[in-house]
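**Student:** Following this message is one structure expressed as structure tokens.
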Amino acid sequence: DAFPGRLKWSPNQISDLSNKVFLITGMNTGISVSIWTLDCLDLLTHNAKVYIAGCSAERVTEAIQDLKKTTGKGDDSIKFLKLDLADLKSVKTAVDEFLLLMIFFHCGLSRKVSRLDVLINNAGVAQGVRSKLDQITPAGLNLEFAVNMLGHFYLTHGPFIFPQPYITSGR
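Going by my numbering, the first residue of the sequence shown is number 37, and it counts up by one from there.
What follows is the structure, given as structure tokens:
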């Protein structure tokens with residue numbers, strides 16, 4: 037047997053994910069499209085609600101339409117959230133939008149999303165494959181550092197620290 041050996045687990049073993057909310061960054065270019073599209077298919081197949089956050093509405097919407105077509109799931113199962121990890125103002129705006137959806141839910145004004153169960157920080161850039169190295173963000177930061185490190189850190193530990201009762205307890 038080759039290292040690490042055969043998988044002993046398969047996506048068919050995922051339990052029902054009804055009422056579970058996932059937020060996935062990326063999924064609009066590069067390797068993240070092929071890898072996370074498969075994982076997103078598994079999540080949707082098991083009834084999860086998935087928000088895909090990305091900077092290109094056109095590319096993410098295209099991925100969402102493909103996922104809807106493949107899974108037969110409707111608009112309530114998968115949604116787009118505008119997020120540019122290279123711009124911390126965009127991260128804050130995306131978080132505010134997501135929190136607003138949760139507040140509307142808890143006030144009885146919407147049935148969209150009550151909480152966030154899983155955040156998957158998937159987005160990233162590799163400047164080595166870009167034609168222009170050392171790209172700079174609007175804040176004057178190196179693009180690779182801003183997206184791969186700072187943007188995800190701010191998304192996870194900055195404004196995304198949810199007040200009770202918006203976080204899933206027991207994790």
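Quick reminder that beta carbons are idealized off the backbone N, C-alpha and C, glycines included.
Let's test the definition: count the other Cβ atoms within 10 Å of the Cβ of Asn184 and tell me whether it reaches 16, buried, or not, exposed.
**Tutor:** buried
**Student:** From Cys91 to Pro40, what distance separates their C-alpha atoms?
**Tutor:** 36 angstroms
**Student:** Got a sec, what are the start and stop residues for the beta strand (DSSP E) Ala122 sits in?
**Tutor:** Neither: Ala122 is in no beta strand (DSSP E) and is coded neither H nor E.
**Student:** Exposed or buried, what is Gln49 when buried is set at 16 or more other beta-carbons lying within 10 Å of its beta-carbon?
**Tutor:** exposed
**Student:** Below 8 angstroms between beta carbons: does that hold for Gly187 and Ala122?
**Tutor:** Contact: yes.
**Student:** Determine whether the beta carbon atoms of Ser126 and Met138 lie at a separation below 8 angstroms.
**Tutor:** no
**Student:** Start and end of the beta strand (DSSP E) containing Val96?
**Tutor:** Taken as a continuous stretch (DSSP letters only), Val96 belongs to no beta strand (DSSP E), being part of the alpha helix (DSSP H) at Ala93 to Thr107.
**Student:** Within the continuous beta strand (DSSP E) that includes Leu59, where are the two ends?
**Tutor:** Val57 to Thr61
**Student:** Judging by CA-CA distance, which residue of Leu79, Lys115, Lys56 and Leu119 is the nearest neighbour of Glu98?
**Tutor:** Lys115
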